[in-house]
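Enquirer:
There are 2 protein chains.
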Amino acid sequence: MFTYIENGSITSVKGIKAAGIHAGLKRKRKDLALIVSEQPCSVAGTFTLNKVQAAPLLVSKKVIAKGGKVKAILVNSGNANACTGERGYNDALKSQKYCAKKLGVEQDEVIISSTGVIGEYMPMHILKNGIESIVDQVTDDGGIKAAKAILTTDLVEKAFAVNVKLSSGEVTIGGIAKGSGMIMPNMATMLAFIATDADIEKDLLKKILTKTVNNSFNKISVDGDTSTNDMVVLITNGVSKVKVEDGSEDEKLFTEALQAISIDMAKAITKDGEGASKLITIEVKNGRTESDVDTIAQTIANSPLVKTAVYGSDANWGRIISAAGRSGVDFDPAKVEIKFDDMTILAPNYCHEYDEEEATAVLSKKEITISINLNDGDASTTWWTCDFTEKYIEINASYRS
Amino acid sequence: MFTYIENGSITSVKGIKAAGIHAGLKRKRKDLALIVSEQPCSVAGTFTLNKVQAAPLLVSKKVIAKGGKVKAILVNSGNANACTGERGYNDALKSQKYCAKKLGVEQDEVIISSTGVIGEYMPMHILKNGIESIVDQVTDDGGIKAAKAILTTDLVEKAFAVNVKLSSGEVTIGGIAKGSGMIMPNMATMLAFIATDADIEKDLLKKILTKTVNNSFNKISVDGDTSTNDMVVLITNGVSKVKVEDGSEDEKLFTEALQAISIDMAKAITKDGEGASKLITIEVKNGRTESDVDTIAQTIANSPLVKTAVYGSDANWGRIISAAGRSGVDFDPAKVEIKFDDMTILAPNYCHEYDEEEATAVLSKKEITISINLNDGDASTTWWTCDFTEKYIEINASYRS
Chain A
57 MFTYIENGSI TSVKGIKAAG IHAGLKRKRK DLALIVSEQP CSVAGTFTLN KVQAAPLLVS
117 KKVIAKGGKV KAILVNSGNA NACTGERGYN DALKSQKYCA KKLGVEQDEV IISSTGVIGE
177 YMPMHILKNG IESIVDQVTD DGGIKAAKAI LTTDLVEKAF AVNVKLSSGE VTIGGIAKGS
237 GMIMPNMATM LAFIATDADI EKDLLKKILT KTVNNSFNKI SVDGDTSTND MVVLITNGVS
297 KVKVEDGSED EKLFTEALQA ISIDMAKAIT KDGEGASKLI TIEVKNGRTE SDVDTIAQTI
357 ANSPLVKTAV YGSDANWGRI ISAAGRSGVD FDPAKVEIKF DDMTILAPNY CHEYDEEEAT
417 AVLSKKEITI SINLNDGDAS TTWWTCDFTE KYIEINASYR S
Chain B
57 MFTYIENGSI TSVKGIKAAG IHAGLKRKRK DLALIVSEQP CSVAGTFTLN KVQAAPLLVS
117 KKVIAKGGKV KAILVNSGNA NACTGERGYN DALKSQKYCA KKLGVEQDEV IISSTGVIGE
177 YMPMHILKNG IESIVDQVTD DGGIKAAKAI LTTDLVEKAF AVNVKLSSGE VTIGGIAKGS
237 GMIMPNMATM LAFIATDADI EKDLLKKILT KTVNNSFNKI SVDGDTSTND MVVLITNGVS
297 KVKVEDGSED EKLFTEALQA ISIDMAKAIT KDGEGASKLI TIEVKNGRTE SDVDTIAQTI
357 ANSPLVKTAV YGSDANWGRI ISAAGRSGVD FDPAKVEIKF DDMTILAPNY CHEYDEEEAT
417 AVLSKKEITI SINLNDGDAS TTWWTCDFTE KYIEINASYR S
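The listed protein sequences correspond, in order, to chains A and B.
So in my numbering the end of the first sequence lands on 457, straight run, no missing numbers.
So in my numbering the end of the second sequence lands on 457, straight run, no missing numbers.
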């Protein structure tokens, strides 16, 4: 059982402080966030699969691979420090080192992360001044400020926290995230930073995070493009003294709660996708294998034709079944059922005796669920995507001009 | 050596007649095409890989699989006869049978093809009346009319023909095609019908067609969606008496010419993609394998971010390298060079010392070549795509409403 904390964020977790400030990397908005834990934290992370990887991501991957504890996460927006070669890599190391020095911790205890324009060198004097200033500003309730400071083209901050009752006591999980599903240099990348005070050993933490990310952040799509800087980091300081053991009922409860707020963050990212006007939940049910249903869901989630049809509130089931058809998955199209929310649009054998006006009414809502029942097995999945609007084109065609 | 025929089309080929009429499947525009050969033709075809396949496509695949000769190709627009189950399949057989009867040929000598709205039954009385009327209207110069009759959301007809000098004489190749790269029920599908009077045995014809399609129609993208009805059919009546033998120099010359007009048709389809304002040629050079360069080119060609950047004339090389990075291909990003036409935008080690205004000027042209040099091998490929505009969203969000 878990319960949401009102206005919760990463600093809802005991022992976690944060700040978000304007350092000067962006013109006016906050652009530097710092998350600090007094207690050393176990850490797990998942990173972009893009072959092009930003310098701070490479630095942070090494920190996590070493398996030591961490005490801080430094995140800037406004500059991705990606495609910057050796100089960029050295800049990333310098900012990590400088932040560690100011905090009085080891260099390897600092995770760093960047999002923003790529292909431009980090203005190090601005970043250094920012670091100098931010270390004294972390507070017990600075999570929302930090959530604002990591945004780029996002319109709203994404922050959630829950209390989870486990067998030996209560723990808290809190996180902040940013979208909006797109890549640089439009200053958009998927980042999420999550903390908990549960006592979890690092291998188990990695296992729990991987499973959670696969069921949340890895099942969203704004435009099918991935970033050079995407990362999800989970830290735990163990201050609750509530231990979660591998294979226990507590592990299950903890994972459920972590997954819930991860899905909340993932959905918030999707809903705030560039130009998006609707959040679309895509359920693919009763396929032969998990891989099959995920492939079909992903293909539908990325289809410009499906996304424009939903934008236009057009009950265009042909585009949905055809996207499934080109996914490469083997299934019998004649068995497929499609629903919009609870309304059946397509029944097996291509029957589609629905009321067009009623379908348009369902699709006119701001949140819609499209269910595709393959009637061919027992594997199911849920993905989230957004509609595709003129605004997306406008934002992306005009950004740098 | 080959030379283009002015206003050429499929009827530029000796012995091939065609017509295009308004049967009533569409409101006003032509919607029924018939291509007829007095001499029986060897035939080869390639078909959509979409799991959802339209009834006429299934019927025509069987005709070609049987390996016999054909004498006619009947194509309607306005209704795709896809997702119509058994009734749709029987309708397809009936239209094939009716056309054969009217022409006085065997049922298996008629290829049929449809494009248009899916999920609706074919209005057979309209189609039958159309067939009745069109068989008497085929002429030696009806190719352009046929090209018009197969269009859906396309704006212009696509027709090309060439004369090819071979060792023992001259042959002609002519074709018609339609786009616009999108799927139903927006009435859009990729179709191409090509004829030649060269004398080519059917196994060689199949080999030549497969190779050609892989280098032309299979390397274009409008929105990454494929149709239930896509097909390319090549027929040859052999009336030139000029034989093309497997492995000969003539085979090479013939294939070159066929590939040239296939690329012309493919480019014309891309240029006429829904909402497109620019034709983008994507060259990926010096990769490790053919599969690598094709995967990278396809990922770039389908990236909404790359396509919107070109629309906005924004020299956004970061989106290009990042699309390559998420393609799943292993390469070294630091070695990559990117050019827009002849202008270097990115040199190895992420050097990008170009003039932004000059780059915008290049990107403002109606036809642009983006070259990505991986400097990592000797495999190369060329793809074609179009930009992504508000018009695409408008067309696809509002079509059925």
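Don't be surprised by glycine CBs; every beta carbon is placed ideally from N, CA and C.
Is VAL115(B) helix, strand or coil when you go by DSSP?
Expert: Reduced to three states, the DSSP call for VAL115(B) is helix.
Enquirer: Excluding the five sequence neighbours on either side, which residues of its own chain have a C-beta within less than 8 Å of the C-beta of LEU222(B), listed in chain order?
Expert: So the qualifying residues of the chain are ALA254, VAL298, VAL300, ASP306, LEU309, PHE310.
Enquirer: Does ARG344(B) come within less than 8 Å of chain A when only Cβ atoms are used?
Expert: Not an interface residue.
Enquirer: Does the distance from the CB of VAL126(A) to the CB of VAL115(A) come in under 8 Å?
Expert: Cβ atoms of VAL126(A) and VAL115(A): not closer than 8 Å.
Enquirer: Contact criterion: CB-CB distance below 8 Å. Does ASN431(B) meet it with respect to chain A?
Expert: With 8 Å as the cut-off, ASN431(B) does not count as an interface residue toward chain A.
Enquirer: Any beta carbon of chain A sitting closer than 8 Å to that of GLY71(B)?
Expert: No, because no Cβ of chain A sits closer than 8 Å to the Cβ of GLY71(B).
Enquirer: So what does DSSP say about GLU62(B), is it helix, strand or coil?
Expert: GLU62(B): coil per DSSP, three-state reduction.
Enquirer: Helix, strand or coil: how does DSSP classify GLY141(A) here?
Expert: DSSP places GLY141(A) in helix when its eight states are reduced to three.
Enquirer: Run through the DSSP bridge pairs and tell me what LYS299(B) is partnered with.
Expert: According to DSSP, which records beta bridges pairwise, LYS299(B) is partnered with ASP255(B).
Enquirer: What span of residues does the beta strand (DSSP E) with GLU393(B) cover, start to end?
Expert: Note, GLU393(B): beta strand (DSSP E), 393 to 396.
Enquirer: Can you tell me which of GLY76(B), SER347(B), VAL212(B), SER224(B) puts its alpha carbon nearest to the alpha carbon of ILE190(B)?
Expert: Comparing Cα positions, the closest option is GLY76(B).
Enquirer: For PHE249(A), go through chain B and note every residue whose CB falls closer than 7 Å to its CB, in chain order.
Expert: The premise fails here: PHE249(A) is roughly 22 Å from chain B at the closest Cβ pair, so nothing lies under 7 Å.
Enquirer: Mind listing which residues of the stretch 132 to 163 of chain A have their C-beta closer than 7 Å to chain B's C-betas, in chain order?
Expert: If the cut-off is 7 Å between Cβ atoms, the stretch 132 to 163 of chain A has CYS139, THR140, GLY141 near chain B.
Enquirer: List, in order along the chain, the chain A residues whose C-beta lies closer than 9 Å to that of LYS341(B)?
Expert: Near LYS341(B) there are no residues of chain A at all, since even the closest Cβ is about 17 Å away, more than 9 Å.
Enquirer: Count the other CB atoms within 10 Å of the CB of ARG382(B); is the residue buried (16 or more) or exposed (fewer)?
Expert: ARG382(B) should be labelled buried.
Enquirer: What does the alpha-carbon distance come out to for the pair ARG456(A) and HIS181(A)?
Expert: Its pLDDT being 49, under 50, ARG456(A) is placed unreliably in this model, and the coordinates cannot settle the point.
Enquirer: Indicate the three-state DSSP secondary structure (helix, strand or coil) for PRO360(A) in the structure shown.
Expert: Looking at PRO360(A) - three-state DSSP - the assignment turns out to be helix.
Enquirer: Kindly say whether PHE387(B), judged by its beta-carbon, lies nearer than 8 Å to any beta-carbon of chain A.
Expert: Cβ-Cβ to chain A under 8 Å: yes for PHE387(B).
Enquirer: Between THR513(B) and THR268(B), which are expected to be in contact by the criterion C-beta below 8 Å, what is the C-beta distance as a whole number of angstroms?
Expert: Only positions 57 to 457 of chain B appear in this structure, which leaves residue 513(B) out of reach.
Enquirer: What three-state label does DSSP hand GLY225(A) in the structure shown?
Expert: Strand, per DSSP.
Enquirer: Going by C-alpha to C-alpha distance, which of LEU265(A), VAL69(A), ALA417(A) sits closest to GLY101(A)?
Expert: If we check each option's Cα against that of GLY101(A), LEU265(A) comes out closest.
Enquirer: Can you say whether GLY303(B) is buried or exposed, counting buried as having 16 or more other CB atoms within 10 angstroms of its CB?
Expert: The residue is exposed, with fewer than 16 neighbouring Cβ atoms inside 10 Å.
Enquirer: Which of the three DSSP states, helix, strand or coil, is assigned to ALA353(B)?
Expert: Correct three-state label for ALA353(B): helix.
Enquirer: Looking at the strands, I want to know which residues DSSP matches up with VAL218(A).
Expert: Beta-bridge pairing links VAL218(A) to TYR60(A), ILE229(A).
Enquirer: When you compare only the Cα positions, how much space is there between ALA128(A) and ALA357(A)?
Expert: Looking at the two C-alpha atoms, the distance is approximately 35 Å.
Enquirer: On the premise that LYS73(A) lies in contact with THR228(A), defined as a C-beta separation below 8 Å, what is that separation, rounded to the nearest angstrom?
Expert: The pair is not a contact, with the Cβ atoms about 14 Å apart (cut-off 8 Å).
Enquirer: Span of the alpha helix (DSSP H) holding THR326(B)?
Expert: First-last of the alpha helix (DSSP H) with THR326(B): 305 to 327.
Enquirer: Tell me which residues of the stretch 416 to 448 of chain B have at least one Cβ-Cβ distance to chain A shorter than 8 Å, keeping chain order.
Expert: Under the 8 Å Cβ criterion, the stretch 416 to 448 of chain B contributes THR416, PHE444, THR445, GLU446, TYR448.
Enquirer: Report the residue from SER93(A), ALA380(A), VAL131(A) whose alpha carbon sits nearest the alpha carbon of ALA111(A).
Expert: Selected option, being the one with the closest Cα: VAL131(A).
Enquirer: Just checking, does the stretch 410 to 422 of chain B make contact with the stretch 327 to 346 of chain A on the three C-beta pairs under 8 Å criterion?
Expert: In short, these stretches do not touch, since the Cβ pair count stays below three.
Enquirer: Return the Cβ separation of TRP373(B) and ILE401(B) in integer angstroms, given the expectation that the two are a contact with Cβ distance under 8 Å.
Expert: That belief holds up - the Cβ atoms of TRP373(B) and ILE401(B) are roughly 5 Å apart, short of 8 Å.
Enquirer: At a Cβ cut of 9 Å, what residues of the stretch 93 to 121 of chain B count as close to chain A, listed as they run along the chain?
Expert: Residues passing the 9 Å Cβ filter: THR104, LEU105, ASN106, LYS107, VAL108, GLN109.
Enquirer: Provide the residue(s) that pair with ASN135(A) in DSSP beta bridges, ordered along the chain.
Expert: BP columns for ASN135(A) point to VAL173(A).
Enquirer: What's the C-alpha gap between ASP348(B) and LYS391(B)?
Expert: Straight-line Cα distance between these residues: approximately 15 Å.
Enquirer: For a contact defined as C-beta to C-beta under 8 Å, what are the partners of TYR60(B) on chain A?
Expert: Those do not exist, as TYR60(B) stays about 34 Å from chain A at its closest Cβ, beyond 8 Å.
Enquirer: Mind checking whether the beta-carbon of PHE387(B) lies closer than 7 Å to any heavy atom of the ligand PLP?
Expert: This structure lacks the ligand PLP; in fact it carries no ligand of any kind.
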